[in-house]
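Below is one structure, written out as structure tokens; comments come after it.
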DNA sequence: ACCAGCTCCCTTACAACGTAAGGTAACCAT
DNA sequence: ATGGTTACCTTACGTTGTAAGGGAGCTGGT
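Residue numbers (this note's numbering), protein chains in the order written: chain L, 1214 to 1447; chain G, 1214 to 1447.
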């Protein structure tokens, strides 16, 4: 899958880049030491001269993608100084989302990590900076960070996974649609009325750009209202 | 760990209950076929007479916990008929949260499932019902579901995992706090001002009850405002 | 009473995984 | 030249999920 360019002598960076490429191409479950080594034209054990263990590999993969986000967001922050805080953050979150869409395994992988790469801390530091500059108290900024959850990384925790929607529709087409309609009256009515136009093979079930932006705006607007109160009180 | 009551003849239900108990006691990574069989006083391969594969085991574990939530939420819904929609949903989400706190591996496991148990659909159907009854349009109800994300299950997607906070503080206590303060000025200032009182070994970093409820109220209030507009327009 | 068949559980074995241990060949400073 | 370091390889082990098939005990038809 990845180029077998075994000329230059392998390095942590090259290994991580190949790992990201492999995960993108064939899914995170295809990312095994032997397979990755194969893609690099090398034996599995050779990887251990650049990474101490597979956990470190995965940490490095996360770190690589976060660095990608940091680069884009940093470029974004350079311009747009006088923007409204909401515009600024929305721009950053949506930019991050574009990157995450290319690495659909990231949410799951990130959730399984024990340690967070520094790059992510610097990203969040920038967010807090934006909030403080807009007049948020430390307290409200902290609350806002929690409320954002994973939105800064451009994905929403959806309990209905992408596959679930597809499989459900397939099952329904085949089996008793009537039974489901009676067991789940409101849901089926809603889906019937709403029925998404196309396939949205994104980060989560129905996680179209529109849904994401709606949620994001809902939160940003809610925080904006609280910011008003916050400034008055202080 | 679990009682070795190998008298009654094993069943899907008994296997799933033991699996949940094992995951609770020793973490999801301890849930292997051999280990689970051992806890049940049986050999690994015997489990395959009740479950076709490990994936099915995990599906069943998720299903079991969801059923637990459905039971509690159902009991909750029986009373409280005249409540405000926000009060009603908040009560349900917080009840679900109490259960999820006893199964901290659930968020990750749920995220890795390909199919969603029916119990979860019925839970969400009830939520939609509450929203519709409060005057939400199908469209806004749909949007609300997405905005809720995993809040109905009582957890928020936190990118800073529980371990991250702890390890960071440990590292900091040992190493260069000054360097971090200069690299992450806003974050360190915020943490210094906010510094959580105790340890909150919950579903996510700093995911105390307070943070969760704040986020929840922020969303509910935002939706309430949109509901007003929604009803006027229609 | 018998015995075929089914259910439930066991034993054995295999492939894939992460990785420990140690080998070898190239290179580099002395 | 030589001794050490580096980068990669070979072999092997323990753990995982699970395929294949064996055997004991219950059950129902005759």
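Even glycine gets a Cβ: it sits at the ideal position worked out from N, Cα and C.
Owing to the predicted nature of the structure, the values given are computational and were not obtained by experimental measurement.
Where residue i sits in the DSSP three-state scheme
i               : result
residue 1329(L) : coil
residue 1431(G) : helix
residue 1368(L) : coil
residue 1363(G) : coil
residue 1245(G) : coil
residue 1216(G) : At residue 1216(G) the pLDDT is 35, less than 50, meaning the model places this residue with poor confidence; the figure from the coordinates comes in the next sentence. Here residue 1216(G) sits in coil by DSSP.
residue 1341(L) : helix
residue 1263(L) : coil
residue 1315(L) : coil
residue 1294(L) : coil
residue 1395(G) : helix
residue 1276(L) : helix
residue 1287(L) : helix
residue 1448(G) : Only positions 1214 to 1447 of chain G appear in the structure, and residue 1448(G) is not among them; the question remains open.
residue 1320(G) : helix
residue 1240(G) : coil
residue 1256(G) : coil
residue 1423(L) : helix
residue 1304(G) : helix
residue 1251(L) : helix
residue 1441(G) : helix
residue 1223(G) : coil
residue 1230(G) : helix
residue 1402(G) : helix
residue 1357(L) : helix
residue 1309(L) : helix
residue 1347(G) : coil
Within chain L, the residues that residue i reaches when beta carbons sit closer than 9 Å
i               : result
residue 1427(G) : 1356, 1359 and 1360
residue 1345(G) : 1399, 1402 and 1403
residue 1432(G) : 1360, 1428, 1431, 1432 and 1435
residue 1335(G) : 1396, 1397 and 1400
residue 1155(G) : Since the first residue shown for chain G is 1214 and the last is 1447, residue 1155(G) is missing from the structure and cannot be characterised.
Supposed close pair residue i, residue j - CB separation, criterion 8 Å
i               : j               : result
residue 1281(G) : residue 1329(G) : No, residue 1281(G) and residue 1329(G) are not in contact; Cβ-Cβ is about 16 Å, not under 8 Å.
residue 1301(L) : residue 1343(L) : 6 Å
residue 1259(G) : residue 1250(G) : 6 Å
residue 1349(L) : residue 1360(L) : Not a contact, Cβ separation roughly 12 Å.
residue 1431(G) : residue 1364(G) : About 10 Å; that fails the 8 Å criterion.
residue 1369(G) : residue 1324(L) : With 8 Å as the limit, residue 1369(G) and residue 1324(L) do not qualify as a contact, their Cβ atoms being about 12 Å apart.
residue 1309(L) : residue 1286(L) : 7 Å
residue 1208(G) : residue 1321(G) : Nothing about residue 1208(G) can be read from this structure; chain G reaches only from 1214 to 1447.
residue 1315(L) : residue 1237(L) : 7 Å
residue 1227(G) : residue 1264(G) : So it is not a contact: roughly 11 Å between Cβ atoms.
residue 1400(G) : residue 1299(G) : Wrong, their Cβ atoms sit about 32 Å apart, outside the cutoff.
Contact list for residue i against chain G, beta-carbon separation under 7 Å
i               : result
residue 1370(L) : 1362, 1363 and 1370
residue 1224(L) : By Cβ distance, chain G contributes nothing, its closest Cβ being about 25 Å from residue 1224(L), past 7 Å.
residue 1373(L) : 1329
Chain G residues whose Cβ lies nearer than 9 Å to that of residue i
i               : result
residue 1406(L) : 1350, 1351, 1352 and 1355
residue 1276(L) : Simply none; closest approach about 13 Å.
Beta-carbon neighbours of residue i, restricted to chain L and to distances below 7 Å
i               : result
residue 1341(G) : 1399, 1400 and 1403
residue 1325(G) : 1321
residue 1294(G) : Chain L residues near residue 1294(G): none, gap ~16 Å exceeds 7 Å.
residue 1268(G) : Here the premise fails: no neighbours, minimum Cβ distance about 12 Å.
residue 1297(G) : Result: empty, since nearest Cβ-Cβ is about 18 Å, beyond 7 Å.
Neighbouring residues, chain G, relative to residue i (Cβ below 8 Å)
i               : result
residue 1443(L) : Here the premise fails: no neighbours, minimum Cβ distance about 13 Å.
residue 1259(L) : The contacting residues do not exist; residue 1259(L) stays about 27 Å from chain G at best.
residue 1366(L) : 1372
residue 1283(L) : Here the premise fails: no neighbours, minimum Cβ distance about 12 Å.
Neighbour list for residue i in chain L, Cβ cutoff strictly below 8 Å
i               : result
residue 1239(G) : Correct list: empty, because the minimum Cβ distance to chain L is about 17 Å.
residue 1256(G) : Per Cβ cutoff of 8 Å: no residues; residue 1256(G) is ~27 Å from chain L at best.
residue 1252(G) : Here the premise fails: no neighbours, minimum Cβ distance about 24 Å.
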